[in-house]
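Residue 30 is where the first sequence starts when you use the working numbering, and the numbers rise one by one after that.
Positions of the beta carbon are idealized from the N, C-alpha and C atoms, including for glycine.
As structure tokens, the structure follows; a few thoughts come after it.
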Amino acid sequence: MNNLEQRRFFSRELLIWYMGNKRDLPWRRHRDPYFIWVSEIMLQQTRVDTVIPYFHRFIERFPTLQALAEAPEEDVLKHWEGLGYYSRARNLQQAARQVVELHGGHVPDDRNAVAALKGVGPYTTGAIMSIAFNRPEPAVDGNVMRVLSRYFLIEEDIMKGSTRAGMEELVRDLIPEGRASDFNQALMELGALVCTPKSPHCLTCPVMEHCAGRLAGREETLPVKTKAKKPRLEQRSVALIEGQGAHVGRILVRQRPATGLLARMWELPHITSSLSGMEGPVPDGPAMDRLTGALMEEGIPVSPVGFLREAEHTFSHIHWNLRVFRCLEGKSAAEAPKHMAAESRAEYRAEAASAAEAVSGAAIRWIDRHDMETLAFPKVFLDILRDYFDSKEAVLIESQLN
DNA sequence: AAATCGGGGTT
DNA sequence: AACCCAGATTT
Numbered sequence: 030m031n032n033l034e035q036r037r038f039f040s041r042e043l044l045i046w047y048m049g050n051k052r053d054l055p056w057r058r059h060r061d062p063y064f065i066w067v068s069e070i071m072l073q074q075t076r077v078d079t080v081i082p083y084f085h086r087f088i089e090r091f092p093t094l095q096a097l098a099e100a101p102e103e104d105v106l107k108h109w110e111g112l113g114y115y116s117r118a119r120n121l122q123q124a125a126r127q128v129v130e131l132h133g134g135h136v137p138d139d140r141n142a143v144a145a146l147k148g149v150g151p152y153t154t155g156a157i158m159s160i161a162f163n164r165p166e167p168a169v170d171g172n173v174m175r176v177l178s179r180y181f182l183i184e185e186d187i188m189k190g191s192t193r194a195g196m197e198e199l200v201r202d203l204i205p206e207g208r209a210s211d212f213n214q215a216l217m218e219l220g221a222l223v224c225t226p227k228s229p230h231c232l233t234c235p236v237m238e239h240c241a242g243r244l245a246g247r248e249e250t251l252p253v254k255t256k257a258k259k260p261r262l263e264q265r266s267v268a269l270i271e272g273q274g275a276h277v278g279r280i281l282v283r284q285r286p287a288t289g290l291l292a293r294m295w296e297l298p299h300i301t302s303s304l305s306g307m308e309g310p311v312p313d314g315p316a317m318d319r320l321t322g323a324l325m326e327e328g329i330p331v332s333p334v335g336f337l338r339e340a341e342h343t344f345s346h347i348h349w350n351l352r353v354f355r356c357l358e359g360k361s362a363a364e365a366p367k368h369m370a371a372e373s374r375a376e377y378r379a380e381a382a383s384a385a386e387a388v389s390g391a392a393i394r395w396i397d398r399h400d401m402e403t404l405a406f407p408k409v410f411l412d413i414l415r416d417y418f419d420s421k422e423a424v425l426i427e428s429q430l431n
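This is how it looks when you write it as structure tokens:
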């Protein structure tokens with residue numbers, strides 16, 4: 030069997046296998062390029078099972094490209110909450126607005142026009158062009174590189190751009206005439222269901238017979254890929270600030286900057302707490318003092334109560350170890366001058382409390398459980414806030430029973 | 001080319 | 001704990 034025959038066999042058998050084995054996925058039930066596009070953005074670095082519920086909710090809330098373009102950004106972020114890589118959501122909406130402005134609200138059937146959209150790179154360009162418009166463009170993702178590296182015994186490092194470029198040319202050659210949509214999805218489907226990263230299911234593979242990697246006994250060692258670096262550790266002190274006076278029952282949250290990590294997401298205030306030249310966790314006392322000091326500089330006077338809980342959060346490149354400290358809004362009565370009368374101490378507290386709003390401006394809010402439904406939080410803060418409000422509710426119910 | 005950007009499932 | 005997922009953008 031020569032190389033041409035090996036390629037023809039692959040394309041033919043893979044397509045036949047796909048037509049009999051493809052999964053029934055929400056975005057495969059329509060040919061609306063907008064649905065295909067949304068699904069492809071959500072699926073970047075994200076598994077199918079994770080995406081499905083998000084896809085349903087997103088399409089229900091933003092049924093058309095126009096609806097997405099016109100929506101408040103907060104609303105879009107909220108529907109992305111928990112899915113990660115939030116720039117995807119903001120880029121998707123920007124791109125929807127691009128399409129309204131430049132293409133009359135219709136996803137263009139044009140490679141270069143699609144590639145020019147925010148958040149649409151080489152893979153997604155090919156995916157939209159082939160799946161939505163059946164154009165013979167490669168859509169090379171991690172699945173495809175794994176499948177091709179094994180079947181064709183390609184030993185180049187798939188982390189290199191040149192390797193992906195080579196695979197794109199290979200795919201162009203493999204796409205059967207008029208079948209780009211099914212063929213590209215077939216490649217990814219095989220990678221997801223059969224040609225898996227570990228212990229691939231070669232015995233049920235439709236192209237095992239001529240898989241060069243398998244024939245060489247290399248299916249477990251391909252693809253070749255440089256190892257990812259371990260995420261660096263960061264210790265952080267987090268303030269869970271309970272409102273006083275007008276803010277009773279509420280917690281202070283702040284919005285992150287428009288760029289960088291978790292851009293424009295809401296969070297509990299926190300600071301880096303690792304001290305230079307010190308290994309291991311910082312003791313509660315010093316950590317809490319630094320936290321209240323930092324908050325005071327932001328115009329948010331608080332009085333610390335004590336350690337509440339720990340939380341972990343892992344990003345691609347950072348691992349957060351969070352230590353949450355319970356605080357009360359405003360300077361405590363204990364910190365008010367001792368000689369003050371009771372009324373004066375109350376006034377002192379109220380003054381300190383209002384300072385928080387005056388200085389910090391629009392980037393902070395006092396929220397209750399209900400407000401969590403409109404602001405988008407990273408998973409770790411979502412968990413902390415939910416646990417807190419749950420426990421408060423439990424205490425309240427218990428006290429009512431007694 | 002390398003770093004930055006989440007979160008979760010599998011092994 | 002390591003790996004990796006229907007990657008794109010910035011440096």
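Query, Result
"Which one of Ser266, Asn172, Pro286 and Arg164 has the shortest CA to CA distance from alanine 209?", "Arg164"
"CA-CA distance, serine 228 and glycine 171?", "16 Å"
"Identify whether cysteine 231 lies in helix, strand or coil by the three-state DSSP scheme.", "helix"
"Considering just the uninterrupted stretch of the alpha helix (DSSP H) at threonine 50, what are its terminal residues?", "The sequence shown places asparagine at residue 50, not threonine. 32–50 is the span of the alpha helix (DSSP H), which, as asked, contains asparagine 50."
"Applying the 10 Å Cβ sphere with the 16-neighbour rule, what's the burial state of serine 266?", "buried"
"Can you look up aspartate 419 in the DSSP assignment and give me helix, strand or coil?", "helix"
"Ignore the nearest five residues each way along the sequence and tell me which others in aspartate 138's own chain have a CB closer than 6 Å to its CB.", "Phe162"
"For the alpha helix (DSSP H) containing serine 178, name the first residue and the last one.", "171–180"
"I'd like the list of long-range same chain contacts for threonine 321, defined as Cβ closer than 6 Å, with 5 residues on each side in sequence excluded.", "Val331 and Pro333"
"Measuring only the C-alpha atoms, how far is aspartate 211 from proline 55?", "16 Å"
"Spell out the partners DSSP gives alanine 268 in its beta bridges.", "Phe354"
"Does the beta carbon of arginine 76 fall short of 6 Å from some heavy atom of the ligand HEM?", "Ligands displayed in this structure: none; no statement on the ligand HEM is therefore possible."
"Expressed to the nearest angstrom, what Euclidean distance is found between the alpha-carbon atoms of valine 143 and valine 223?", "31 Å"
"Measuring CB to CB, does leucine 131 end up less than 7 Å from isoleucine 70?", "no"
"Anyone know if the C-beta pair for cysteine 231 and arginine 247 falls short of 7 Å?", "no"
"Spell out a yes or no on whether the stretch 277–294 and the stretch 405–413 are touching, meaning 3 or more CB-CB pairs, one atom from each, closer than 8 Å.", "yes"
"What separation, rounded to the nearest whole angstrom, lies between the Cα atoms of phenylalanine 336 and glycine 49?", "57 Å"
"Hey, would you say glutamate 197 sits closer than 7 Å to valine 169, going by beta carbons?", "yes"
"Less than 8 Å between the CB atoms is what I'm expecting for alanine 98 and valine 136, so what's the real figure, rounded?", "Not confirmed; about 12 Å, so no contact."
"Rounded to whole angstroms, what's the CA-CA distance from tyrosine 417 to serine 68? Just pull it up for me.", "34 Å"
"What first and last residue would you give for the beta strand (DSSP E) that runs through leucine 281?", "280–284"
"Taking the beta carbon of serine 191 as the centre, do at least 16 other beta carbons fall within 10 Å, making it buried, or is it exposed?", "exposed"
"With a cut-off of 8 Å, do at least 3 Cβ pairs link the stretch 101–115 to the stretch 150–158?", "no"
"Would a C-beta distance cut-off of 7 Å place valine 176 and leucine 216 closer than the cut-off?", "yes"
"Per DSSP, which residues does histidine 239 bridge with? Please list them.", "According to DSSP, histidine 239 bridges with nothing at all."
"Excluding the 5 residues flanking asparagine 31 on each side, which residues of the same chain have their C-beta closer than 6 Å to its C-beta?", "none"
"Since arginine 338 is in the beta strand (DSSP E), which residue starts that stretch and which ends it?", "331–343"
"Give the single residue among Leu414, Ala100 and Arg117 whose Cα lies nearest to the Cα of isoleucine 270.", "Leu414"
"So, are the CB atoms of serine 302 and glutamine 264 less than 7 Å apart?", "yes"
"Which stretch, first to last residue, makes up the beta strand (DSSP E) that contains arginine 398?", "That residue, arginine 398, is in no beta strand (DSSP E); it is neither H nor E in DSSP."
"If we call anything under 7 Å between Cβ atoms a contact, is isoleucine 160 one with isoleucine 65?", "yes"
"Threonine 288 to serine 178, Cα distance in whole Å?", "36 Å"
"May I have the straight-line CA-CA distance separating arginine 57 from glutamate 358, to the nearest angstrom?", "51 Å"
"What does DSSP give as the partner residues of tryptophan 349 in its beta bridges?", "Glu263 and His342"
"Note the first and the last residue of the continuous beta strand (DSSP E) segment covering histidine 299.", "299–301"
"Should proline 298 and alanine 268 be called a contact, given that it needs their Cβ atoms to be closer than 7 Å?", "yes"
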